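Protein chains in written order, with this note's numbering: chain A, 24 to 358; chain B, 134 to 918. For glycine and all other residues, C-beta sits at the position ideal for the given N, C-alpha and C. What you are looking at is a predicted structure, and each value in this text was computed from that prediction instead of being measured. Notes for the one structure printed next.
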Amino acid sequence: MEDQIQALQTEALAAIETAADAPSLEGVRVKYLGKTGSISLLSDGMRNVSKEDRPRIGKALNELRNSVTQALQDKTSAMEGAREAASLSEVDTSLPGTSSSLGSIHPLTLLQERAVKIFRRLGFAIADGPDIETEWHNFDALNTPPDHPARNDQDTFYLPDGRLLRAHTSTIQIRTMESQPPPIRVIAPGAAYRRDEVDATHLAQFNQMEGLVVGEGIALTDLKGTLEFFFRELFGNDAQLRFRPHFFPFTEPSFEIDIRAEAMGGEWMELAGCGMVDPAVFEAINKRRGDNAYDPEKITGFAFGFGLDRLAMNLCSIPDVRMLTENDLRFLKQF
Amino acid sequence: MNISLQWLRDYVDWDGSVDELVELLTRTGIKVERVETSGVNIPKVVIGQILESTQHPNADRLSVCRVDDGSGTPRQIVCGAKNYKVGDKVPVALPGAVLPGDFKIKTGKLRGVESEGMLCSGKELGISVDAEGLLILSPDAKVGDAVSTLFPSGTMIELEITPNRGDWLGHIGVAREVAAFTGKTLRTPETIQITTHEDDSFLRNDLEECSFYSARVIRDVKVGPSPAWLKERLESIGLRSINNIVDITNFVMMETGHPLHAFDLAKVDGGIVVRMAKEGEKLLALDGQEYSLKATHLVIADKTTPLAIAGVMGGEKSGVTQATQSILLESAVFSTTSIRKTSRDLVLHSDSSHRFERGTTAEGALKASARATQLILEIAGGKADESVCISGSKEAAMNVISFRYNRCRDLLGISLANDQIDELLGRLGIQRLSGDVDASQWVVPVYRLDLHREVDLIEEVARLHGIESLVGRVISYPATPTAGDHAYDFAMRLRQKLTALGYYEARTSTLVSAEAVRHTAEQGLLRLRNPLGEDQSYLRPSILPELLAVLARNIRYGARTIRLFEIGRVFHSGGEAEETSRLALALTGDVTDVTWRNEAKRTFDLFDLKGVIENLVRGKIAFREKEFPGLVLGLEIFSGNKSLGCVAQLPPAKAKEIDARGPVVIAELDFAALQAMDDQKLRTREIPKFPAVSRDIACVMKVETSYATLRNALQEAREPLLVDVQLFDVFRDASGNKLSANQKSLALSLTFRSIERTLTSEEINATCDRLKDLLKKSLGVEFRE
């Protein structure tokens, strides 16, 4: 009997080993472990084994059954593993990824955000003001003469009640000083409007960023340092700045800033206007406030402004400013 | 304004290059718009004569010329042109010459034949666009001379002059600045002393609009062509020569910056009257146009009719012509406001009005008059009246400004010493009158109409000293966030969430057409008084029409999936808040991009956008059906009783009109209301310790019973163990086999959980049965197994 067990084990394990696929392995299982399989039949023979031999033979039989079962399991999982490996090897990993779609933020907003972040590092807060303004906020308070051409119907949009659409975000300077005493350190991104015929470089509605710093002891050197810091952060350390004397009614001295940087093709670009707040502006504010909080003898300050559309065009190589308002998805998807 | 470099050099002994001038002017605050060179200024290009021309042995289209270049030894040059004959004089570029475009001329072989230079076309020399053949020179040209003697070079520089600096609107003014910045000497032409008299019968002027008027009579002039130098000067800045008298007035204007006008004395009836025009009075001006004048327009008239629109343009009738024998030379000062207004009313802008608008002085007027008189006598002959008839004061009050040195140093942040500051101001012709270590008094030259206050002088110090040498200072200090900061930050957070959800930010115009505002009542609209066009005449009361236009445009461009949003201002008249901000969304097209997975296709509908809004808004919101004009499936969005905005769909016909692939869904929400709900507090709820169990039920109910009714009924049951309800199927049976036509089945997954223990099946089944009973009783719901 023990010889039979031994022979059967050798035979079964060899059959398992040589089974080539799942059906033949199943055949092997049935042949040995099935109800009428060889091992079952051998177990039936236990009845004829003597009492003293029974434990030993029984154990051997159990071992036989276990080893064959184990071998079958091992062989099955080896076959499954091989099948999975074969199926994985057929996956074409060069198929394109199927991403979930992301949208994008408009380039003007992205640029505005970059600018805001830089100024915030210097401790600037954000100020705001309405698009619909009074002539006083847009012109008078900013020391613009009563017959200045910019006040014309041809240049500035008016509402029937005599108010206007702000021609620059400098109105926010006035709004801010009207409502709070110095010191002030704000930036103000916003829309401005001019009656320009729309073409590749002009929009009737455009986007500016205004800045104002007011307090005791603010000097031209602060203006220079702040704007140098800002533009180098924005365009890179290679950016060169040229402060060109200019004229604005609301600052004195006044400058235009030309910038040359690799990021913008290495050509001089006129990008911003700036200057020391004109004492006449402080006087207009004091008169409106009814106090002397902005005493021009004690308080000085600087202001600056630049067009975001122009900056975006230069930085992103946008040939036509109208692309910024057309909102073609093929354009927006690039950001 | 245009200036000529060569002309400029008449007034300042400065001999730098064009590039240096551009750099210098930029530093002074004069912006250079454009530099244009004319003529030839290329060394080693000489006048040559073709002595002989033979066919090139190796090239049919070339010939070999022997050319006399004046050196005595003829040179051999290979040439491709055909338009010359032997004996012609042509420009010869000698080896070493550099033609425009950095084209270097060398001796070399052309198809095997030695060529010692090049015969040039006008294009190659940069003086004409015509490239056809050689530039054939005059037979009188002298062989060997530089070609530049035939085409004298000129450099025209276009300047942008800021409106405060009218004194820069003439060559002398610019030269003065060059002198101040370089320390070179300014040379202004000597003018004869002028004696003046007043004569009310010949010159009547009592208007504020004309603070000074001078009329000089010059008799027996000979009107004719201008001499070459004068023509050349005017042409060098793009002016046309007319006749010697008119040219001289223009020349003096471009020299001094002060406009002049010459009348034909014979056409002046009885004398000059400076007056306001009569309403409707007509004048034919020198530009050939007839202008209808208003009572606010200043005119120069004689005793009967207007002769000129004062300071803007002369009249045709009184202009100087060949027939003119005697002239009346006007040099005056007109009010800047009056000229600006007239010029604007008549849409007539001239070199003269441009200068009067920026301010002129009586001193300048008299100097210009004297200078022009002198030139007229020299060029056109004649005899000038001894004395000039004037009206008004010929001298301005002395303009004295007090100046504190420390104030200057503090404002600029510089450490210039007093005497350095004095020196800078002195260079600009500003004279120190008196002063001490703290402050000084300064007399401003009359032509500097822009200097009145201490800060104006400080600006001059900054300008002359230059800002380059200043060391920038950066101070930063903490900033308390403002309402502006909070709104800005919230807007950025919204943008980030929306882009993560696949939305693209659009930015559209706030100025829109009447069509775009048709759904808003007229009294709520803000309309511009002076729009650029009807399509930009209203301030938008909603972002949606423009955003829909963007959506339609992108459909036309072929986009299959369109998700857009914009955060921007809207405007309403009469309400509490005229300007508010909104978030607008627009959605259409395929839910998934085309991929290789063969996923089921679906187009966006109302519920996609509803889901976005539910995700976007923190806090509880409710949607209630409401009709919106021009939209269908409208839902108003509420937070409590506060309306946040709306979400709706375009009527299918409208969507079809723009070729949308499926429903077009839009939403608009009030930005401030969203911000108010944006709770920035960070906190967590405990994560449940015990497992949840789900049971699915299929509720068969009447078609008209809404999901919300079902859901509310479940909520109102207040079963403590029911923690979530998910709708996972909506089923109707068109065949009528499983459900009748007026029924629908909503499949819900109910989730149960206790925070205290693991639930038993019995508990859950009991709860579920209670809920089913309730739905059956209250809504007549039946359940499908």
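Exercise. Beta-carbon of B/E592 versus every beta-carbon of chain A: anything under 8 Å?
Worked result: yes
Exercise. Relative to the C-alpha of B/H391, which residue among B/F467, B/E449, B/I830, B/R565 is closest?
Worked result: B/F467
Exercise. A/D343 CB to nearest chain B CB: under 8 Å?
Worked result: no
Problem set entry | C-alpha gap between B/V407 and B/E331, whole angstroms | 14 Å
Exercise. B/R865 bridges to which residues according to DSSP?
Worked result: According to DSSP, B/R865 bridges with nothing at all.
Problem set entry | Contact set between the region 574-599 of chain B and chain A, restricted to residues whose Cβ is under 9 Å from the partner | D583, R586, E587, V588, D589, I591, E592, E593, V594, A595, R596, G599
Problem set entry | Separation of A/V91 from A/P33, as counted between CA atoms | According to the sequence shown, residue 33 of chain A is Thr rather than Pro. So the two alpha carbons sit approximately 10 Å from each other.
Exercise. Quick one: what's got a C-beta closer than 7 Å to A/D219's C-beta in the same chain, skipping five residues either side?
Worked result: H225, A227
Problem set entry | Chain-ordered residues of the region 121-138 of chain A with a beta carbon less than 7 Å from chain B | T121, S124, L125, G126, S127, I128, H129, L131, T132, E136
For this session: Indicate whether at least one CB of chain E lies closer than 8 Å to the CB of A/A227.
Result: You won't find chain E in this structure, because its protein chains are A and B.
Problem set entry | C-beta neighbour in chain B for A/H160, strict 8 Å | no
For this session: Output yes if chain A places a C-beta closer than 8 Å to the C-beta of B/P674; else output no.
Result: no
For this session: Have a look at the DSSP bridge pairing and note the partners of A/Y181.
Result: A/L187
Exercise. Which runs of the beta strand (DSSP E) spanning at least 3 residues fall entirely within the region 790-830 of chain B, listed in chain order?
Worked result: 797-803
Exercise. Since B/N927 contacts A/L352 with CB under 8 Å, what's their CB separation in whole angstroms?
Worked result: The displayed coordinates of chain B run from 134 to 918. Any statement about residue 927 of chain B would go beyond what the structure contains.
Exercise. Any Cβ of chain A within less than 8 Å of the Cβ of B/K164?
Worked result: yes
Exercise. Alpha helix (DSSP H) containing A/P130: first to last residue?
Worked result: 130-144
For this session: Determine, using beta carbons only, whether B/M409 and B/T429 come nearer to each other than 8 Å.
Result: yes
For this session: Determine, using beta carbons only, whether B/S502 and B/S464 come nearer to each other than 8 Å.
Result: yes
For this session: Would you mind sorting B/S827 into buried or exposed? The rule is 16 or more other CB atoms within 10 Å of its CB.
Result: exposed
Exercise. Since A/I308 meets chain B, which of its residues come closer than 9 Å, beta carbon to beta carbon?
Worked result: Chain B residues near A/I308: none, gap ~16 Å exceeds 9 Å.
Problem set entry | CB contact below 8 Å: B/D543 versus chain A | yes
Problem set entry | Top-ranked residue by Cα proximity to B/E711, from A/A105, A/L188, A/V209, A/F278 | A/L188
Exercise. So which of B/I799, B/G795, B/L879 has the shortest CA-CA distance to B/L742?
Worked result: B/I799
For this session: With DSSP collapsed to three states, give me the class of B/S548.
Result: coil
For this session: In angstroms with no decimal places, state the Cα-to-Cα distance between A/L294 and B/R160.
Result: 16 Å
Exercise. Whose Cβ in chain B lies nearer than 8 Å to the Cβ of A/E220?
Worked result: L665
Exercise. With contact counted as at least three CB pairs below 8 Å, one residue from each stretch, are the region 438-451 of chain B and the region 138-145 of chain A in contact?
Worked result: no
Exercise. Is the CB-CB distance between A/T157 and B/R606 below 8 Å?
Worked result: no
Exercise. Tell me the DSSP bridge mates of B/L270?
Worked result: B/K222
Problem set entry | Neighbour flag for A/T116 against chain B, beta carbons, 8 Å | no
Exercise. Which whole-angstrom value describes the C-beta separation of B/L716 and B/F804, a residue pair presumed to lie in contact below a C-beta threshold of 8 Å?
Worked result: 6 Å
For this session: Provide the residue(s) that pair with A/I155 in DSSP beta bridges, ordered along the chain.
Result: A/L188
For this session: Mark A/Q196 as exposed unless 16 or more other C-beta atoms lie within 10 angstroms of its C-beta, in which case mark it buried.
Result: buried
For this session: Return no unless some Cβ of chain A is closer than 8 Å to the Cβ of B/E638.
Result: yes
Exercise. In or out: A/Q45 buried (at least 16 other Cβ within 10 Å) or exposed?
Worked result: Here residue 45 of chain A is Ala; the residue named in the question, Gln, does not match the sequence. It is exposed - the Cβ of A/A45 has fewer than 16 other Cβ atoms within 10 Å.
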